[in-house]
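A.B. asks: Below is a structure I'd like to ask you about.
Number of protein chains: 2
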Amino acid sequence: MYKKRKLGRGVAMVGAGMSSFDMFSDKDSKDLFAEAFVELNTSVDKGLDPADIDALYLGNFTNDFFVRQSHWGAILSDSLGLVPKPATRTEGACASSALAFREGVFAIASGFYDVVLVGGVEDMSKRSTEEVAEGLALAASPYERKAGLTFPGVFAAIATAYFEKYGASREHLMNVTIKSHANAPLNPKAQFNLAIRDMMDAKVKRAKSQGRAVPDWIDEKDFLRDARANPPIAWPMHLFDCCPISDGAACILLVAEEIANRFTDDPLHVVGLGQGSGRALHSADDLTYFEATRHAAKEAYDMSGLTPEDVQFAEVHDCFSIAEILHIEDLGFFKPGEGHKAVEEGLTRLDGPMPVNTSGGLKCKGHPVGATGAAQLIEVWEQLRDKAGRRGVPKSDLRIGAAHNLGGTGGTCTFTILERR
Amino acid sequence: MYKKRKLGRGVAMVGAGMSSFDMFSDKDSKDLFAEAFVELNTSVDKGLDPADIDALYLGNFTNDFFVRQSHWGAILSDSLGLVPKPATRTEGACASSALAFREGVFAIASGFYDVVLVGGVEDMSKRSTEEVAEGLALAASPYERKAGLTFPGVFAAIATAYFEKYGASREHLMNVTIKSHANAPLNPKAQFNLAIRDMMDAKVKRAKSQGRAVPDWIDEKDFLRDARANPPIAWPMHLFDCCPISDGAACILLVAEEIANRFTDDPLHVVGLGQGSGRALHSADDLTYFEATRHAAKEAYDMSGLTPEDVQFAEVHDCFSIAEILHIEDLGFFKPGEGHKAVEEGLTRLDGPMPVNTSGGLKCKGHPVGATGAAQLIEVWEQLRDKAGRRGVPKSDLRIGAAHNLGGTGGTCTFTILERR
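Protein chains in written order, with the working numbering: chain A, 2 to 422; chain B, 2 to 422.
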């Protein structure tokens, strides 16, 4: 009985805030979420009385593992002074806070609440890299883990399947990385904020000053091809194909459309909402697309009445460079097998026809997993609300942006379309 | 801007299923949830085509910790054949699946979905008792844990505060335990299914057959006072004041009221829905009530237009015997300080005016934490739908029942009222 998806009551986004993303030895989840919430408060044009917040939805992947503490909905409700308002944690691996956003939308659209705070947090860097890899692997399927796969291995398998099917190569992955690093210096909250060219120059300068042999890199791909500068992790995934370990928080204020003007005269409207689940890789028909992303896209386009051509820019889940290529195909921005060519041709650059990951993406902005889904939507907010500064998409009629969030090895995907009217 | 809570679209419960609750060395979360889902399928009067399920909401506390696997929404979507339908995990410690129920209600009430499967699972027994205690402590507040408290200690502190304020004693806690054990033999899925009297008789018989000294217990309280039979855990909490370690799963089918008749002519209606959050104990005004429970109750009564007097029986979160006493006060069934007297007078017995925990409660039915909230609502379903057999509440006009679920040390509470019309 599939029916067209719609909401009985419209929902608008009227505020947003995020912490810087980085590895912080001196900040925990409470600190990071407070930082995001303080910024959110200043972002609401007509001001927010926190007493008006009806409920909190919090995405978190596994602080259970990373910091041996669960039940973060209640902890943050307490630390933000929201008690006794309800607080609910959602988890869908790296898509955890996109799920929080979605539940916030449903809670308002249902008529039950009017003003809901949604967001996410993750505190990963207090453990060793080996332990973080073990923690992240909790999100892979039990079958994948039994096969000995951790995340770089999973996406390496996906990449080689894509190469085989469509004749792509590592050179195409490099184009994704170079683009992400080109956008990141324009984002003051990004964890890595150097373009590849800047990194090359710095390394050459250091080699010279230390009297060492100077690398003979000509262009950025020379740098990425150099296994000393960009060592292999799980072939064809090299270091610069992989997002980092990050701590961070992000939050968003959602309200019923009918009361949005109490908060701002310039709300963003939630016009498309989609989510899907996916099978473990061993039973997938084909490794070169994500069934969950396609279902999420179908739901969101269906609800919005929009097509991929209507979306003017997007944040897309680039946990690994190959993931960005698959997703821009699955979301309909480019045809299957054409994504790697689109990136090569510069179509997804900030000044291209379809900018992707203007924030620098997970690769450079950082990927505190539970915060990522909300942070992607905040990039859409900053772009549509003309707050993106030097990384603003150079289109005169910017009106519709979208965010795509993936959890695990494709077990959970969301796609959300926002519109400024 | 507090307003009366209401849903824009009614939601009905039309099916339910649960696994047995126990410690299973040979069943994992997939097995347990499948067992529950198979029973759910047989419970839908006019049948269910699983293809009609739009989405899954799954409560799980921390299989992350217990079995080193997260992302259970996606895993169960796959194992149940629901892919690519969306699957979302909710977590609120021991209230995790009451949150799943609530999000399922919102998803339907929002107009987005029509048919949603909600439920919960927990697989706790694969680890040692010490590790389970450590895992459960993830749900306490960071402050409580730093003070060295695990759950029996927290509820011991609550009990002594209650004793001090209202002049109650351990003898009153025993009345709760005796009642739970009286109901449990009538529940074929309960983990412990012996009344205290039966246990006494069995122990006396064994002592005689082994030629050992025969205990001189006269009544059930003699047994519970005997530290060999009922050793202290954290005074005044003894073994029989504490719920067990359990594995289990429970699931419920929710549909839009307007299509309920496709599934049954006898749906239950979700008439009251409430949730609250609470502070850590160190900053609570008073240990003898739960602020989160009171907020949840207020929301649910407010939405339903009902009062505590209208609720004819309830499942109440008795992780420890003292918790049941506090909750029946916080929910308005009895006045503050009167709960322990009400239990003593038999008012909460199966044949009393306000039966509480007819299932045997968490104490005897078992407490697989992520499954408990859904399982409580299933007890309400079985009672209202005349499926409770010998433990059926002996009232001729049974129409309204409720379930209360608590997470952590009161960080998350829910209260849900169901009505048969």
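Glycine included, each C-beta is placed from N, C-alpha and C at the ideal position. The model shown is predicted, which means the values in this text are computed figures rather than measured ones.
Output, in sequence order along the chain, the residues in the segment 87–98 of chain A whose CB is closer than 8 angstroms to any CB in chain B.
C.D. replies: Of all residues in the segment 87–98 of chain A, 87, 88, 89, 90, 91, 92, 93 and 94 have a Cβ within less than 8 angstroms of some Cβ in chain B.
A.B. asks: Who are the neighbours of residue 70 of chain A on chain B, taking C-beta pairs under 7 angstroms?
C.D. replies: Chain B residues near residue 70 of chain A: 139 and 143.
A.B. asks: State yes or no: is the C-beta of residue 46 of chain B within less than 9 angstroms of the C-beta of residue 116 of chain B?
C.D. replies: No, Cβ-Cβ distance for residue 46 of chain B and residue 116 of chain B is not below 9 angstroms.
A.B. asks: Please check if any C-beta of chain A sits within less than 9 angstroms of the C-beta of residue 158 of chain B.
C.D. replies: No, its Cβ sits nowhere closer than 9 angstroms to a Cβ of chain A.
A.B. asks: Are residue 414 of chain B and residue 296 of chain B close, meaning C-beta to C-beta below 9 angstroms?
C.D. replies: For residue 414 of chain B and residue 296 of chain B, yes; Cβs fall inside 9 angstroms.
A.B. asks: Is there a C-beta anywhere in chain B that falls below 9 angstroms from the one on residue 304 of chain A?
C.D. replies: Cβ-Cβ to chain B under 9 angstroms: yes for residue 304 of chain A.
A.B. asks: Among the candidates A/163, A/362 and A/109, whose CA atom is the shortest distance from the CA of residue 254 of chain A?
C.D. replies: Among A/163, A/362 and A/109, the Cα nearest to that of residue 254 of chain A is on A/109.
A.B. asks: Do residue 361 of chain B and residue 187 of chain B have their CB atoms nearer than 9 angstroms?
C.D. replies: The answer is yes: Cβ separation under 9 angstroms.
A.B. asks: CB of residue 350 of chain B to nearest heavy atom of the ligand ATP: below 8 angstroms?
C.D. replies: Among the components modelled here there is no ligand, and therefore nothing to report on the ligand ATP.
A.B. asks: Residue ranges of each beta strand (DSSP E) run of no fewer than 3 residues wholly in the segment 293–338 of chain B, ordered along the chain?
C.D. replies: 314–316, all fully within the segment 293–338 of chain B.
A.B. asks: Starting from residue 175 of chain A and walking both ways along the alpha helix (DSSP H), at which residues does that stretch end?
C.D. replies: First-last of the alpha helix (DSSP H) with residue 175 of chain A: 171–184.
A.B. asks: Relative to the alpha-carbon of residue 21 of chain A, which residue among A/12, A/35 and A/11 has its alpha-carbon at the smallest distance?
C.D. replies: Selected option, being the one with the closest Cα: A/35.
A.B. asks: Do we get a CB-CB distance below 9 angstroms when we pair residue 112 of chain A with the residues of chain B?
C.D. replies: So yes, residue 112 of chain A belongs to the interface.
A.B. asks: So which residues on chain B does residue 85 of chain A lean against when the C-beta distance must stay under 8 angstroms?
C.D. replies: Chain B residues near residue 85 of chain A: 277, 278, 279, 292, 293, 295 and 296.
A.B. asks: Taking just the CA atoms, how far does residue 245 of chain A sit from residue 130 of chain A?
C.D. replies: One C-alpha to the other measures close to 10 angstroms.
A.B. asks: Which residues bound the beta strand (DSSP E) around residue 233 of chain A?
C.D. replies: Run containing residue 233 of chain A: 233–235, per the beta strand (DSSP E) assignment.
A.B. asks: According to DSSP, is residue 14 of chain A helix, strand or coil?
C.D. replies: In the structure shown, residue 14 of chain A sits in a strand (DSSP, three-state: E or B).
A.B. asks: How long is the line joining the alpha carbons of residue 422 of chain B and residue 365 of chain B, rounded to whole angstroms?
C.D. replies: Distance between the alpha carbons of residue 422 of chain B and residue 365 of chain B: 30 angstroms.
A.B. asks: At 3 residues or longer, what runs of the beta strand (DSSP E) sit wholly inside the segment 267–293 of chain B?
C.D. replies: Qualifying beta strand (DSSP E) stretches, in chain order: 269–278.
A.B. asks: Does any residue of chain A have a CB that is nearer than 9 angstroms to the CB of residue 106 of chain B?
C.D. replies: Yes, contact with chain A.
A.B. asks: Whose C-alpha, out of A/271, A/72 and A/170, is nearest the C-alpha of residue 93 of chain B?
C.D. replies: Among A/271, A/72 and A/170, the Cα nearest to that of residue 93 of chain B is on A/72.
A.B. asks: Run through DSSP, which three-state label would residue 32 of chain B get?
C.D. replies: Residue 32 of chain B falls in the helix class under three-state DSSP.
A.B. asks: Could you check where the alpha helix (DSSP H) with residue 379 of chain B kicks off and where it finishes?
C.D. replies: 370–385 is the extent of the alpha helix (DSSP H) around residue 379 of chain B.
A.B. asks: First and last residue of the alpha helix (DSSP H) that includes residue 45 of chain B?
C.D. replies: Note, residue 45 of chain B: premise wrong, no alpha helix (DSSP H); not H, not E.
A.B. asks: Examine the Cβ distances between the segment 114–128 of chain A and the segment 392–405 of chain A and report whether three or more of them are shorter than 8 angstroms.
C.D. replies: Taking 8 angstroms as the limit for Cβ pairs, the verdict is that the segment 392–405 of chain A does not touch the segment 114–128 of chain A.
A.B. asks: Pick helix, strand or coil for residue 197 of chain A, following the three-state DSSP scheme.
C.D. replies: Of the three classes helix, strand and coil, the one that applies to residue 197 of chain A here is helix, per DSSP.
A.B. asks: So, helix, strand or coil for residue 240 of chain B, using DSSP?
C.D. replies: Note: residue 240 of chain B maps to helix in three-state DSSP.
A.B. asks: Mind pulling the chain A residues with CB within less than 8 angstroms of residue 150 of chain B?
C.D. replies: Near residue 150 of chain B there are no residues of chain A at all, since even the closest Cβ is about 14 angstroms away, more than 8 angstroms.
A.B. asks: Count the other C-beta atoms from every protein chain shown that fall within 10 angstroms of the C-beta of residue 219 of chain B, then say buried if there are 16 or more, exposed otherwise.
C.D. replies: By the 10 Å Cβ count, residue 219 of chain B comes out exposed.
A.B. asks: Quick one: Cα of residue 134 of chain B to Cα of residue 247 of chain B, how far?
C.D. replies: Answer to the nearest angstrom: the Cα atoms are 12 angstroms apart.
A.B. asks: Any idea if residue 172 of chain A is buried or exposed, counting beta-carbon neighbours within 10 angstroms, 16 or more meaning buried?
C.D. replies: With fewer than 16 Cβ atoms within 10 Å of its Cβ, residue 172 of chain A is classed as exposed.
A.B. asks: State yes or no: is the C-beta of residue 357 of chain A within less than 9 angstroms of the C-beta of residue 314 of chain A?
C.D. replies: Result yes, Cβ atoms of residue 357 of chain A and residue 314 of chain A sit closer than 9 angstroms.
A.B. asks: To which residues of the same chain is residue 288 of chain A closer than 7 angstroms at the C-beta, ignoring the five residues directly before and after it?
C.D. replies: For residue 288 of chain A, where only same-chain residues beyond five positions count, the Cβ hits under 7 angstroms are 158, 159, 162 and 282.
A.B. asks: Roughly how far, in whole angstroms, is the beta-carbon of residue 96 of chain A from the beta-carbon of residue 374 of chain A, given that I think they are within contact range, below 8 angstroms?
C.D. replies: Right, the Cβ-Cβ distance comes to about 6 angstroms (below 8 angstroms), so this counts as a contact.
A.B. asks: Return the residue from the list A/324, A/182 and A/37 that minimises the CA-CA distance to residue 201 of chain A.
C.D. replies: Minimum Cα distance to residue 201 of chain A is reached at A/182.
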